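S.K.: In this note's numbering, the protein residues as written are 6 to 427. Handing you a structure now.
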């Protein structure tokens, strides 16, 4: 199959899968009247925030679009507008999905862990696969229109603008509401954390939706599009017309990652309270393992051998999946209570707040050391294999499982509502 139809098919599959899950979520029971009243308050606050942010974004985006039109031409300006709009759309969909899944996860939790896990993960999957589907569809269709990766830079600019506002603005709102709510509720009033009797909890949960969900969706949309465009642009500048299959090959990698992510998401199931994270990791491991097999087929089938050794290109993609796997392991080691890092931090907390802060800061600094070293070695290895194009392939294969990774990340955003007593 040609690269554009393959990418469009994969993108539509991701969107269709996300839409099906969204339909399933909406058909599920939303709980009692109290649950729905709290959910309605969260939705009202989140929509108010996004509407205000959209007004500011539209004004700034209009000015920048005019500047880009005058400086770089109409195609770049149109790409900027499209990138910004679709990025904002991804965040908007993610936020609304999170709100709906939140209250339904609380209702499902009354039936047991299995239904609650399934509902929360489905909510995260809607965000993940719609973000990936919209990003891949936008990139593929825009490339089909322009035929030149350099003309697509505006897409990345538009996504970056929305990402900055959604991630930073939403993040500041989130943390302000979180800290303020805890200070007043826990310290002054003696109310437990996330207790609905504290009105600030609503603001805190609004922040979770607008910052950690809508912001994350816009942020990863931008990252996904920029990485895909970078790989195509590097191939265009490096090989030119001598190696045309290298320019469009990133579309195959992105499309293949969509199908493997869908496959992995189907295996996230458990009824054991002690195996929630293993269930999530099982889906990710299946997605990454099947990605390696799919990438081998795609490299041997669609990448012309004229430009670089095929085994080198495949190994570069394998490095990307390896980096994703190692990042998961590093994160688990430094954040799971099963390992010494968290146990030592808990022990330091016994002596008081001061030792807790010092030990926590030391742990956070130490936790970045090995990931940075591993990333540097991975980039070097990919470069030695296939130059800058190898680095681009490694980065793209690392992001190829974005759908299921966002699903796992957004899964955590569906649970604060049930915890707060929705």
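Backbone N, C-alpha and C define an ideal beta-carbon position, used for all residues, glycine too. As the structure is a computational prediction, the values presented were derived from the model and not from experiment.
Just checking my contact of residue 1 with residue 230 at CB under 8 Å: how many whole Å lie between their CB atoms?
M.R.: Look at the range of the chain in this structure, 6 to 427, and you will see that residue 1 is not part of it.
S.K.: Ends of the alpha helix (DSSP H) at residue 296?
M.R.: Its alpha helix (DSSP H) spans residues 281-307.
S.K.: Along the chain, where does the alpha helix (DSSP H) that runs through residue 106 open and close?
M.R.: Start and end: 79-114.
S.K.: Just reading off the alpha helix (DSSP H) that residue 371 is part of, what are its end residues?
M.R.: 358-372 is the extent of the alpha helix (DSSP H) around residue 371.
S.K.: Buried or exposed, going by whether 16 or more other CB atoms sit within 10 Å of the CB of residue 405?
M.R.: So residue 405 ends up on the buried side.
S.K.: So, using beta-carbon positions, are residue 227 and residue 175 closer together than 8 Å?
M.R.: No, they are not a contact pair.
S.K.: Leaving out five residues before and five after residue 145 in sequence, what residues of the same chain have Cβ atoms less than 7 Å from its Cβ?
M.R.: Cβ within range, chain order: 9, 12, 13, 16, 256.
S.K.: Any idea what DSSP makes of residue 407, helix, strand or coil?
M.R.: Residue state, collapsed to three classes: helix.
S.K.: In this structure, does DSSP put residue 195 in helix, strand or coil?
M.R.: DSSP places residue 195 in coil when its eight states are reduced to three.
S.K.: Just to confirm the assignment, what range does the alpha helix (DSSP H) spanning residue 342 have?
M.R.: Premise fails: residue 342 is in no alpha helix (DSSP H) and is neither H nor E.
S.K.: Three-state secondary structure (DSSP) at residue 274?
M.R.: Coil.
S.K.: Looking at C-alpha atoms only, which residue of 131, 63, 258, 45 is the closest neighbour of residue 21?
M.R.: Among 131, 63, 258, 45, the Cα nearest to that of residue 21 is on 131.
S.K.: Quick check: residue 109 and residue 35, are their CB atoms within less than 8 Å of each other?
M.R.: In contact: residue 109 and residue 35 (Cβ atoms closer than 8 Å).
S.K.: Three-state secondary structure (DSSP) at residue 314?
M.R.: Three-state result, residue 314: coil.
S.K.: Consult DSSP for residue 202 and reduce its assignment to one of helix, strand or coil.
M.R.: Coil at residue 202, not helix or strand.
S.K.: With a threshold of 8 Å on Cβ separation, who are the neighbours of residue 203 within its own chain once the five nearest residues in sequence on each side are excluded?
M.R.: So the qualifying residues of the chain are 186, 189, 190, 194, 196.
S.K.: Is residue 182 near residue 153, with beta carbons less than 8 Å apart?
M.R.: Result no, Cβ atoms of residue 182 and residue 153 do not sit closer than 8 Å.
S.K.: Can you check which of these residues, 198, 220, 260, 69, is closest to residue 55 by C-alpha distance?
M.R.: Nearest option by C-alpha distance: 220.
S.K.: In chain order, what residues of the same chain lie with their CB nearer than 8 Å to the CB of residue 342, ignoring the 5 residues before and after it?
M.R.: If we look at residue 342 and ignore the five residues flanking it on each side, its Cβ neighbours are 348, 351.
S.K.: Under 8 Å, do residue 106 and residue 30 count as touching if we go by C-beta distance?
M.R.: Result yes, Cβ atoms of residue 106 and residue 30 sit closer than 8 Å.
S.K.: Tell me whether residue 355 sits in a helix, a strand or coil according to DSSP, three-state version.
M.R.: Three-state result, residue 355: coil.
S.K.: Which full runs of the beta strand (DSSP E) of 3+ residues lie inside the stretch 146-190, going along the chain?
M.R.: Complete beta strand (DSSP E) runs here, min 3: none at all.
S.K.: Under 8 Å between the Cβ atoms of residue 250 and residue 301?
M.R.: Taking 8 Å as the Cβ cut-off, residue 250 and residue 301 do not qualify as a contacting pair.
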